[in-house]
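Comments concern the structure below.
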RNA sequence: GGGGACGUAGCCAAGCGGAUUAAGGCGGCGGAUUGCAAAUCCGCUAUUCCUCGGUUCGAAUCCGGGCGUCCCCU
């Protein structure tokens, strides 16, 4: 028998946290956060983590699991989340997978096998090569060793070109080899996948309010604090929306007002990207706030 | 009342008679996304240049009237 898993996705500021807690209480569930930023310690305000009270009310997993200078990946996350889900279920509770990182959710619930871990040195080597020979030449190289993947990637997409090439060098096989036979079904668990989909104007309003609130709560101080601990402003975790702009403000590249405007704008765009992802994810149920109650009926059978 | 400047997409803005089928930026919208994903990347977004008329083979570009905005003088 497959383990039942309730998935709640949705764009940032759509109210996932609150809904998840509400449902977890009703279902006797526990929450597995599926958020690529809330995994970081110290980054609390800017990632809108659930409060300590909320976490006391319902156990939340996979929050605060690594330090800002550590790196998480979809593959690593997949393992961690699956372990959580199994443990929760073994405890006689219902796992709720909730968050805004669509790729992480997909990695957990679909049957995706990621290529084996690649030595950091290989990536460094490729980055060096890009610096020396230029991205277009490195892209041409990918075109030769893995034309299938290359044709799907933009010649400007440095991150994906690097990845495809590093997998090729590390394993001798094109990354497209590892993508074959991916099942688009949900073979792993018994999934009910909801996506919160508020009207665009309401969502944007909520984003504005949330960003203002983050500033009030001390996003600037939090950023300073992380920097003071010795973390470099250049590390991937600090490229996170919000922290990135505040760092620029602290460096004098923005005045505060512009920084805040920039965060709002970028958050809107981020929400849009999330919606694109969720909209095109298979077998999801997009629900408005009005439909939330009705949606719960579909999962009420799990109530104990 | 007199003089001057200007009026190009939601906003900013280039073009100043024919390589324009009207640059570019911002914003907006859509999409991709398989071990960095709150990252990264891609696409779309003015059949028309305030308006009416004129000059011309040809006008956003020149001329005139109208409307509007701004500045200066009185």
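Numbering (the numbering used here), first residue to last: -6 to 297.
No residue lacks a Cβ here, since even glycine has one placed at the ideal position from N, Cα and C.
Keep in mind it's a predicted model, so treat the numbers as computed, not measured.
Exposed unless 16 or more other CB atoms sit within 10 angstroms - verdict on residue i
{"i": "residue -1", "result": "buried"}
{"i": "residue 290", "result": "exposed"}
{"i": "residue 193", "result": "exposed"}
{"i": "residue 5", "result": "buried"}
{"i": "residue 280", "result": "buried"}
{"i": "residue 246", "result": "exposed"}
{"i": "residue 140", "result": "exposed"}
{"i": "residue 207", "result": "buried"}
{"i": "residue 158", "result": "buried"}
{"i": "residue 101", "result": "buried"}
{"i": "residue 275", "result": "exposed"}
{"i": "residue 45", "result": "exposed"}
{"i": "residue 198", "result": "exposed"}
{"i": "residue 42", "result": "buried"}
{"i": "residue 71", "result": "buried"}
{"i": "residue 174", "result": "Unreliable positioning characterises residue 174 in this predicted model, as indicated by a pLDDT of 48, which lies under 50. The coordinate reading is nonetheless provided below. Exposed, by the Cβ-count rule."}
Residue span of the beta strand (DSSP E) that contains residue i, given as start and end
{"i": "residue 182", "result": "182 to 189"}
{"i": "residue 278", "result": "278 to 280"}
{"i": "residue 231", "result": "It is not in any beta strand (DSSP E) - residue 231 carries neither H nor E in the DSSP assignment."}
{"i": "residue -4", "result": "-4 to 2"}
{"i": "residue 87", "result": "87 to 91"}
Contact belief for residue i with residue j at Cβ below 8 angstroms, rounded distance in angstroms
{"i": "residue 189", "j": "residue 12", "result": "7 angstroms"}
{"i": "residue 2", "j": "residue 271", "result": "5 angstroms"}
{"i": "residue 103", "j": "residue 171", "result": "Incorrect: roughly 14 angstroms between the Cβ atoms, too far for contact."}
{"i": "residue 115", "j": "residue 67", "result": "Their Cβ separation, rounded to whole angstroms, is 18 angstroms, which puts residue 115 and residue 67 out of contact at 8 angstroms."}
{"i": "residue 39", "j": "residue 235", "result": "4 angstroms"}
{"i": "residue -3", "j": "residue 182", "result": "7 angstroms"}
{"i": "residue 50", "j": "residue 73", "result": "Actually they do not touch by this definition, with Cβ atoms about 22 angstroms apart."}
{"i": "residue 138", "j": "residue 109", "result": "Not quite, the Cβ-Cβ distance comes to about 17 angstroms (not below 8 angstroms), so this is no contact."}
Residue i, enclosing alpha helix (DSSP H) - first and last residue
{"i": "residue 272", "result": "249 to 272"}
{"i": "residue 203", "result": "193 to 210"}
{"i": "residue 81", "result": "67 to 83"}
{"i": "residue 292", "result": "285 to 292"}
{"i": "residue 169", "result": "168 to 171"}
Please specify which runs of the beta strand (DSSP E), each continuous and at least 3 residues long, are wholly inside the region 101 to 152, giving them in chain order. Correct list: empty.
For the region 238 to 251 and the region 213 to 226, state whether three or more C-beta atom pairs, one from each stretch, are separated by less than 8 angstroms. yes
So, does the region 24 to 40 touch the region 89 to 99, judging by three or more C-beta pairs under 8 angstroms? yes
Does the region 56 to 70 touch the region 225 to 232, meaning 3 or more C-beta pairs lie closer than 8 angstroms? They touch, by the three-pair rule.
Counting pairs of beta carbons, one from the region 154 to 174 and one from the region 120 to 137, are three or more of them closer than 8 angstroms? yes
Going along the chain, which unbroken runs of the alpha helix (DSSP H) with 4 or more residues stay wholly within the region 4 to 51? 9 to 20 and 45 to 50
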